Every structure is written in C-alpha cells, then in structure tokens.
Amino acid sequence: MSDPKAKLSTTSTQSKSPTSGVMLQQVLPFALLRGEAMVEKPQDLFIPPDALEVILEMFEGPLDLLLYLIRKQKFDILDLPISPITTQYMTYVDLMKDIKLELAAEYLVMAAILAEIKSRLLLPKQAVDEEEGDPRAELVRKLQEYEVIKKAAENLDELPRIDRDSFIANVDLADNFVAPVINSQVDLAELVTALQGIIKRTQAFEHHHIQKESLSTRERMAKILATLKDAQSTNSYCDFSDLFSIKEGRQGVVVTFLAILELIKESLIECVQAKVYGEIHVCLPKQ
Amino acid sequence: MIAEKIRHKDIDDEKLQRLVEAALFIADKPLSVQLLKRDFLIEYRVSNLRIRDIIIAIQAHYKGRGVELNKVATGYRFQTPKELSDDLAHLYQEKAPKYSRAILETLALIAYKQPITRGEIEDIRGVAVSSQIIKTLTERNWIKTVGHKEVPGRPVLYASTQEFLDYFSLTSLDQLPALMPMAELTD
Amino acid sequence: MIAEKIRHKDIDDEKLQRLVEAALFIADKPLSVQLLKRDFLIEYRVSNLRIRDIIIAIQAHYKGRGVELNKVATGYRFQTPKELSDDLAHLYQEKAPKYSRAILETLALIAYKQPITRGEIEDIRGVAVSSQIIKTLTERNWIKTVGHKEVPGRPVLYASTQEFLDYFSLTSLDQLPALMPMAELTD
C-alpha cells in the first residue's frame, strides 16, 4: 500500500488534500478534521499534521493497524472490545481515504469482518451456535500470530548486521603474488583436426610431404639441430660420427643419415672436412 | 579439472597458523575447515582436528584486538567486534542498506516458519506480499525455494539460506531470537 | 557529508590501537594517518605522532603472522606476507582460455613439419602467425628454437620438444597419428 510519492512533506500534504490545510494549523488535527460528528477520537493522535500521512502509511496492513489501536488504547487483546475498536478502525480507514492514501483492499475486507463480528455479538446468546464459540476468536488468533511475527521482525532488525554493526576484514595479497594459470588441455585428436583443417584449406600443403614415415626423419633433424646449437654455444663442433648412435641399430643410422641429408639440402647445416680423409665436422652455418 | 594432488607435505603449527590466518583474511567468504583444506592446504597433510585447534588459537590471539575471528553458518571470518560498532559505523551509515518492515516481516516469517508459501505469509501478515519483496530477498541470497506444497496450485515453498545466517552473524537457525510467547485464549 | 565534529574525546592507547587496526582491516584502500584521523578518529583528540606510534606497534605485533601491515605510497594497508604467496596461490588459479584454432594449427605444423620457420608456417596457413602464438607455445614448453635457416633474414627454426611428446604420451614423433590416406598426400 505504500506510495513512494506520498512521503513526509509539507507541500505535498497541502496540495494533496483540501483538509490538510486546516490540519497544518492545528494541534489536534484529527478532532477538527472529523468535527463534532466524531464520537470517539483516538487518544494518541498528538501528531504533527504533516506527519500524519507518513504515520498512516506506516501501517503494514489492517492487522498492523488493529494491533496499533489495541496497544495504544491498552485494550486486552484476549477480550477484544469489538465495538470501540471497530469505530476507531473505521475512523482511520476514512482518514486514509480522505488524504487519498492508496488503500489496500485488505483494509476494507477487515472492516467487513469487524462489522460481522460486531453484529454476531449483538445476537442473543442462545442464537449463537454453541459450536462456533466466541466470534472474535479467529480475529484474536490472527492478531496474536501477527504480533509475534511483527516482534520477530523487529528483533531481526536489531541483530548485528554486516556493513551496519560489523564490518568484514579484507586484506590484499602480497605484491609478489601471481595467480597461477592452469593451462588449457589439448588432445591429440584436436591437433590432427587442426592439421586436416589446413590441408583442406590450402592446395599448397599437398606439395609438402607429410607422412608418417618422414616424421622420424623430421624429429631427428630437429634433434641434430639442437645438438649443433649446443655445440655452437660452447664454441665446439660435432664430428659427423658423433651424430650416430650404434645402439639405435641399422634403422636409426638410416634415419640419422636421411636427416643429415635433408638438413644439408635445406642449408640448415654445414659439413666441413678439414683435411682429406679427415673427420667431417658438422656445424650450423656460419653467420 | 585440477588433478587431485596428494597431500604429502608436512607443515609445522607455526606455518599452518600463518597460512590459515592469511587465508581467512583474503577469502571473500567465510571459510569452513573443509574449504580451508581444499583451497589452501591441498599440498599438506593436516587433519581437521588440527585445523580446528589452529582456529581456536587464532581466535584466542585476536581477543580484544581490532578484528575477531567469528564462526558463522558457512565458516569462519574476521570481522570487527561489536564494541567498535559505534566508532566505525558512522562512516558507513549511509552505505548500510535499510530494509522495510514489509521485507523484514516476510523474512522473519520465512526464517521462523520455513518452509512456507507466499499465500501463508500473506495470510499471517494480512496483506499481499509484493513480487518485489520476494525478488529482493532472493537476490540477496537470503531465501530460496525448496519445493512445492502439495495443495491446489502447488505453490512454491520458501526457506532461508546459509547466507542469511552469515549476514546476521549466526551459525544456525537456533540462534535466532526466541519468538514471543502467545497468550492462550481461554473461554 | 559528515558535519565536522570537535575532536574532544580522549582515547586510551589500547582502544586507539583496536580502532586503528579495525579501520585498516575494513578500509578498501590504504589509509594514511590523515585519512585515519578524518574518517575513523574524528571524535577523538589524538596527535599524528600518536597514531604513528600505534601503527608501529601494530606492525610489530603482526611480524611473522598471516598478515602484515605495510606502508605503500598512499598509506598503510594489511597484506599477506610475500613468503605465503605460493601457498595462497591455489585459490586463485586462473583457467587459461581454450587454445584457438590458430594456435593448434601452428603447433600441428611445427610438430609434423619440424624444423620449420615462422614464414613457412605462414605460407602454409595463408595467414600471419602472431608473436603471441609463438610465445604461448614456447611458454608451454611445447616448441623450441633449434637454429636458423640459411636464407635471407636467417629466420628461426622451430621444433617440438620432449615436453610436447610427454604431454601427448608419445615416445617419439613417429607415434603422431598418420594424417590422411597416403594417396591424398602424395602428388
């Protein structure tokens, strides 16, 4: 039922209701508003006029308003005096309507309930079905139940809250902190798919011999280059024979030999023979 | 995703205490013993009991200091003690969110009467519960749906969350203030 | 925003230390002595010198613990000690994005056509190979340079590494899958 525009403000109150102009100048606006016609006036409405709207808006609903009336008048909730409560309730509801507060339908439903209880209480005792018991019972139970929750909400509001009553410590990481990166995973199939993608895209690729058989040669080529790079960095060189390993057998020797031939063909290495029939030195090309 | 590493390294109490303390300070949420083990101590061989002892030692160490180590629903976290609230709060007063009575009453009903349907909340409060209220509470992660009530229309049932407890620095629902007793209606 | 209040209240050292410590822990930025005074100690009569002494006391207190109070350009802030960075790193692991097609194609070409220059890769792929790709593959230890090709510009030659083979559980390049039916590959 809350209307955000209907906030506490002198100007809005004035402009909203023709009666509020009167209210503003009076200490007891409620009595004046209702005039002599009013039989019972709430005892507690010593409220600054411009606050009236806000106060009325504060009610969370008909149960809340009823509870407010009961507590202010110090009525016994278990022995609810229906007649005066109904009168006061209606006064407030009319007032809400007067200052054009958006009135939730629940308020009118409650008014009807109160009127009904009142009428049943007026019936002679015998006419009331014994089974039904006190016609107020259901309303009283609801009021009590609501009051429990209203109080629980108030208690909840008072619990220490983060960022209001307590603040959470936050500490920065050290300047040298580096978040480690988890490498993403690749499987062999993806690698093959990537290469097949290239093959499909480009004709040029077909001129390159890529086949299983040549891979051992290619691998050996890379190994030889790495060996020669190491040798170069220590200013030494490799003997041709050092590149072969007897342990690899005939197959290995052939692969190494093919790799060396391929490297020479592609000018990736140089073979130097210092003297006739001397050892052949293998090295990376001089700059 | 991350290959489970074997907890093999030993760690002495001093190092363990430093590490647990640091972890609790930098984490952006409360840390349970399980979380501490999983996220910060994965390489070390350390028992839950030992971690709990270390936490008790840290709690003792921070008694009377500028922050204290509190246990809340989802774990432990460092926060400022009650005694400093007034001195610290004025700076943050404007930032502290305020909640309407409608929100607090709805939240109270869900916390105390869970699981509960929106219809049941409306029944007790005597007014409609706006969707905005449910949305706000859901977005704050204070309430969640926990199923449907087997009545016509199968309305959604709401319950409170661990984050709700964390926010109010509670460890469990038992710690909520007791409901006021209802006077018995006698006839 | 906050009206300037008169600094009139006295505060003892213990309370001052608690308050300064709490402020430093909850602030979202480093705090200078001035900021501490303005934002957290406005109600108290306390000198800069006293605040500085308190800060020194706090720094001493946190020596060797899970956090330390450091002075940075704009003030003081709590940070985890450098020594703990490795242990704390677990929580903050970042997952690298999945490798792009460009990276996979480059890697495949280096694996199957090694040794190969960047220019040759570009020729085959028909697009430029960014330095970032080479960097990523080098950092991953999957490729290495094995020399220069003796053509103008002496471009670097790339080959795959032992780590590359290990990663794919291969003992040698022979074990790389054959690409296509041979007919398609021969001209």
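Chains as they are written, first to last, in my numbering: chain A, 1 to 287; chain B, 288 to 474; chain C, 475 to 661.
Glycine included, every Cβ here is placed at the ideal spot set by N, Cα and C.
This structure is a prediction, so every number in the text was calculated from the model and none was measured.
| field | Test: glutamine 606 of chain C CB closer than 9 Å to a CB of chain A | value | So, not an interface residue.
| query | When we look at the beta-carbon of leucine 195 of chain A and count the other beta-carbons within 10 Å, is it buried (16 or more) or exposed? | reply | It counts as buried.
| said: Could you tell me the alpha carbon to alpha carbon distance between glutamine 88 of chain A and proline 124 of chain A, rounded to whole angstroms? | reply: Rounded to whole angstroms, glutamine 88 of chain A to proline 124 of chain A spans 25 Å at the Cα level.
| Shorter than 9 Å from the beta carbon of phenylalanine 451 of chain B to some beta carbon of chain C? | Chain C contact via Cβ: absent.
| request: Give the single residue among C/Gly540, C/Lys572, C/Ala576 and C/Ile598 whose Cα lies nearest to the Cα of lysine 302 of chain B. | output: Closest option to lysine 302 of chain B, Cα to Cα, is C/Gly540.
| field | Contacting residues, own chain, Cβ-Cβ under 6 Å from methionine 110 of chain A (five flanking each side not counted) | value | Closer than 6 Å at the Cβ level, and outside the excluded window around methionine 110 of chain A, lie Pro62.
| For the putative contact between alanine 383 of chain B and aspartate 163 of chain A, defined by C-beta atoms under 8 Å, what is the C-beta separation to the nearest angstrom? | About 5 Å separates the two Cβ atoms, so the contact holds.
| field | Proximity below 9 Å, CB of alanine 179 of chain A to CB of glutamate 568 of chain C | value | Yes, they are a contact pair.
| field | Rounded separation between proline 468 of chain B and arginine 141 of chain A - CA only | value | The straight-line gap from Cα to Cα measures roughly 13 Å.
| task | Name, please, each residue of chain A whose Cβ falls closer than 8 Å to the Cβ of phenylalanine 365 of chain B. | result | In chain order: Ile168 and Ala169.
| task | Report the rounded CA-to-CA distance for aspartate 484 of chain C versus alanine 534 of chain C, giving the unit in angstroms. | result | The straight-line gap separating the alpha-carbon atoms of aspartate 484 of chain C and alanine 534 of chain C is approximately 24 Å.
| Are the C-beta atoms of aspartate 340 of chain B and some chain A residue less than 9 Å apart? | Any Cβ of chain A closer than 9 Å to the Cβ of aspartate 340 of chain B would place that residue at the interface, and such an atom is absent.
| To which residues does DSSP link glutamine 273 of chain A through a beta bridge? | Looking at the DSSP assignment, glutamine 273 of chain A forms a beta bridge with A/Ile280.
| is_contact[arginine 305 of chain B, chain C] using C-beta, thresh 9 Å | Judged by the 9 Å Cβ criterion, arginine 305 of chain B is in contact with chain C.
| field | Whether isoleucine 342 of chain B touches leucine 356 of chain B by CB criterion (9 Å) | value | Yes.
| Across which residues does DSSP place serine 634 of chain C in a beta bridge pair? | Beta-bridge partners of serine 634 of chain C (DSSP): C/Ile617.
| query | Quick one: which chain B residues come within Cβ less than 7 Å of tyrosine 146 of chain A? | reply | The contacting residues are Ile411, Arg412 and Gly413.
| Contacting residues, own chain, Cβ-Cβ under 7 Å from threonine 432 of chain B (five flanking each side not counted) | Here the set comprises Val443, Leu444 and Tyr445.
| request: Counting only the same chain and skipping the five closest in sequence on each side, list residues whose C-beta sits under 6 Å from that of phenylalanine 59 of chain A. | output: Answer for phenylalanine 59 of chain A: Leu65, listed in chain order.
| Contacts of phenylalanine 514 of chain C in chain B (Cβ-Cβ under 8 Å) | Contact annotation for phenylalanine 514 of chain C against chain B: Asp374, Leu375 and Leu378 [CB-CB distance below 8 Å, chain order].
| Listing by chain order, which chain A residues have their CB less than 8 Å from the CB of valine 354 of chain B? | Near valine 354 of chain B (Cβ distances below 8 Å), the residues of chain A are Ala169.
| request: Could you pull out every unbroken alpha helix (DSSP H) segment of at least 4 residues lying fully inside the region 340-424 of chain B, listed in chain order? | output: Within the region 340-424 of chain B, the complete alpha helix (DSSP H) segments at least 4 residues long are 372-379, 388-400 and 405-412, listed from N- to C-terminus.
| said: For a quick check, are the C-beta atoms of proline 504 of chain C and tyrosine 550 of chain C less than 9 Å apart? | reply: Going by C-beta atoms, proline 504 of chain C is nearer than 9 Å to tyrosine 550 of chain C.
| query | From threonine 635 of chain C to threonine 217 of chain A, what does the alpha carbon distance come to, in whole angstroms? | reply | A direct Cα-Cα distance of roughly 15 Å separates threonine 635 of chain C from threonine 217 of chain A.
| Are the C-beta atoms of isoleucine 313 of chain B and some chain E residue less than 9 Å apart? | In the structure shown, chain E does not exist; the protein chains are A, B and C.
| Can a CB atom of chain B be found closer than 9 Å to the CB of methionine 110 of chain A? | Closer than 9 Å to some Cβ of chain B, the Cβ of methionine 110 of chain A qualifies, so yes.
| Sheet register partners of valine 181 of chain A (DSSP bridge) | Valine 181 of chain A pairs with C/Glu568.
| request: For glutamate 409 of chain B, collect the residues of the same chain with a Cβ closer than 6 Å to its Cβ; drop the 5 residues on either side in sequence, then sort them by chain order. | output: Shown here for glutamate 409 of chain B: same chain residues with a beta carbon closer than 6 Å to its own, the five before and five after excluded, namely Ala415 and Val416 in chain order.
| Whole-angstrom C-beta distance between isoleucine 403 of chain B and leucine 396 of chain B, which should lie under 8 Å | Correct: roughly 6 Å between the Cβ atoms.
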